[in-house]
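For reference, the structure is listed below as C-alpha cells.
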Ligand SMILES: [Zn+2]
C-alpha cells in the first residue's frame, strides 16, 4: 500500500495517507453529524453536529496513527527497518524493509497494534464515563463513547486471524513456529484472508439486497480490499520464495552505466552515453559509488540552472539508497526494492559498484524461473538450486 500523499514524518517514520482514507473520513463525519449525534441528542444546531463529528473523525485517525506507530516502534526495536506508514481503508500498513527475523518478533510487532487500539478503547470509555459524571456536553460524551466503541471494534477486527490483518500475522507467526516453513505459514494466513474477504463480500451483497444497504456496501468494500491484499501478499510470498534460491549477482544488470558526481545536469542530458538508456543511474566519484540519480529528480531542476547544477546536488546520497551484496538471496532484497522510492537497488561488493537491480531484472528472473519449471531450480527455498544455472 503506497501513500497517495505524505503528511509528514513522526520520529523519522514517513506518515502517508491513501486516497481510500478520504472516503472513510467523509463517511465517518457524515455518519456522526447526520446520523448518530442527532439521533441520540436531537434539537441541536447542524453546525454543532458537524463540528463534533469532524473532530471525532480527526481523533479517530489519531488513534489509527497510534496503532500504526506502535507497530513501527516495536518493529524498529526488533531490528526491522520501517520506511513509513500509510493509513488506508482498513486502518494502516507499515512499510517494512525486511521481514521479522523470528516468529516471536513477528508476534510482538503484529500484536502491539490491536493491543494499543484496545487500550485506547478502554481509555476513551473511562473518559466518556468521567465526562458524563462531570455533566459535560451530551454531544461530546456521545462522540467520546463512539471513539471508545470504534477503537475496541478496531482491536477486535484486526485480531481476526486472516492476512493482511494483524491477526493474520499472528496466525502466520504461529504456523511458522510450528512448521518452521515461512512460505507455508504465509500461504495459510493469506488463504484465511481470502476466505474472510469472500465471506465479507457475500455478506455485504446479502445485506445490500435485504438489509441496511449502507452496511452492505461498507462490508463488501472491506471484503474486497481484504481479498485483493491477501491475494497480492500470497503471490508475493511465492515469488519471494522462488527467488530465495537466486543470488543477486545472477539477476542484476552488471557493470551499470554510471555518471560522475561532478557532471552538470546539462552535460548529463546531452551525453549520448546516458541518453535513452535507463531512467536511473548510479553516481560515482573517482570510480566509487556515492549516490543514485533518476530522470525524475533531474526533471525537477529548472532549465536555467542545469548548466550550473551537478549530479551530486540532485542525487540521492548513497547512505539513503537501497543496497545489496552480490551473494545475497534475491528474495531477501525484494522488500528493499519495493520500498525504495527509485525502485532500484545498487549492488556493492566491498564498497565497489558491481551492478544494479531494477523491477524489470526481477520480473525477467521470475519469467525464467517459471519457464524452467520447479524441477530444474532445486525446489522452493532451496538455496543450492543456483548451482544448476549454466555460466
Ligand atoms: Zn495493525
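Residue numbers (the UniProt record's numbering): 1 to 391. Just so it is clear, CB atoms sit at the ideal spot from N, CA and C, and this is done for glycine as well.
Residues in its own chain within less than 7 Å of residue i by CB, not counting five upstream and five downstream?
| i | result |
| --- | --- |
| residue 177 | 103 |
| residue 160 | 167 and 196 |
| residue 279 | 294 and 295 |
| residue 333 | 248, 324, 345 and 357 |
From what residue to what residue does the alpha helix (DSSP H) around residue i run?
| i | result |
| --- | --- |
| residue 248 | 248-251 |
| residue 36 | Run containing residue 36: none; DSSP gives neither H nor E here. |
| residue 209 | 182-210 |
| residue 114 | 103-133 |
| residue 311 | 311-314 |
Hey, would you say residue i sits closer than 8 Å to residue j, going by beta carbons?
| i | j | result |
| --- | --- | --- |
| residue 169 | residue 106 | yes |
| residue 358 | residue 83 | no |
| residue 165 | residue 200 | no |
| residue 325 | residue 254 | no |
| residue 70 | residue 112 | yes |
| residue 172 | residue 163 | yes |
| residue 98 | residue 80 | yes |
| residue 10 | residue 87 | no |
| residue 85 | residue 6 | no |
| residue 269 | residue 300 | no |
| residue 475 | residue 126 | Given that the chain is displayed from residue 1 to residue 391, the structure contains no residue 475 and the question cannot be resolved. |
| residue 96 | residue 335 | yes |
| residue 414 | residue 63 | A question about residue 414 goes unanswered here, because the residues of the chain that appear run from 1 up to 391. |
On the three-state DSSP scale, how would you describe residue i?
| i | result |
| --- | --- |
| residue 15 | strand |
| residue 261 | coil |
| residue 243 | helix |
| residue 82 | strand |
| residue 301 | coil |
| residue 4 | coil |
| residue 69 | helix |
| residue 364 | helix |
| residue 10 | strand |
| residue 62 | helix |
| residue 172 | helix |
| residue 376 | Caution is warranted here: a pLDDT of 49 is assigned to residue 376, below 50, making its placement in the model unreliable, and the coordinate value is therefore given only provisionally. Of the three classes helix, strand and coil, the one that applies to residue 376 here is helix, per DSSP. |
| residue 274 | coil |
| residue 213 | helix |
| residue 44 | coil |
| residue 389 | Only weak support exists for where residue 389 lies, its pLDDT of 29 falling under 50; the coordinates are left without a value. |
| residue 383 | With a pLDDT of 36 at residue 383, under the threshold of 50, the modelled position of this residue cannot be trusted; read the value that follows with caution. The answer is helix: DSSP assigns residue 383 an H, G or I state. |
| residue 178 | helix |
Looking only at its own chain, which residues have a Cβ that is under 6 Å from the Cβ of residue i, when we skip the five neighbours before and after it?
| i | result |
| --- | --- |
| residue 381 | Legend: pLDDT at residue 381 = 40, less than 50; position of this residue unreliable, no value from coordinates given. |
| residue 352 | none |
| residue 392 | This structure leaves residue 392 out entirely; the chain is present only between 1 and 391. |
| residue 285 | 261 |
Once the 5 residues before and after residue i are set aside, which same chain residues still bring their CB inside 8 Å of it?
| i | result |
| --- | --- |
| residue 283 | 258, 259, 260, 261, 289, 290, 291, 292, 293, 311, 312 and 315 |
Would you grab the beta carbon distance between residue i and residue j for me? Rounded to a whole angstrom, and I think it's under 8 Å.
| i | j | result |
| --- | --- | --- |
| residue 298 | residue 265 | 6 Å |
| residue 117 | residue 154 | 4 Å |
| residue 187 | residue 237 | 7 Å |
Please list the terminal residues of the continuous beta strand (DSSP E) segment that includes residue i.
| i | result |
| --- | --- |
| residue 357 | 352-357 |
| residue 282 | 280-285 |
| residue 289 | 288-294 |
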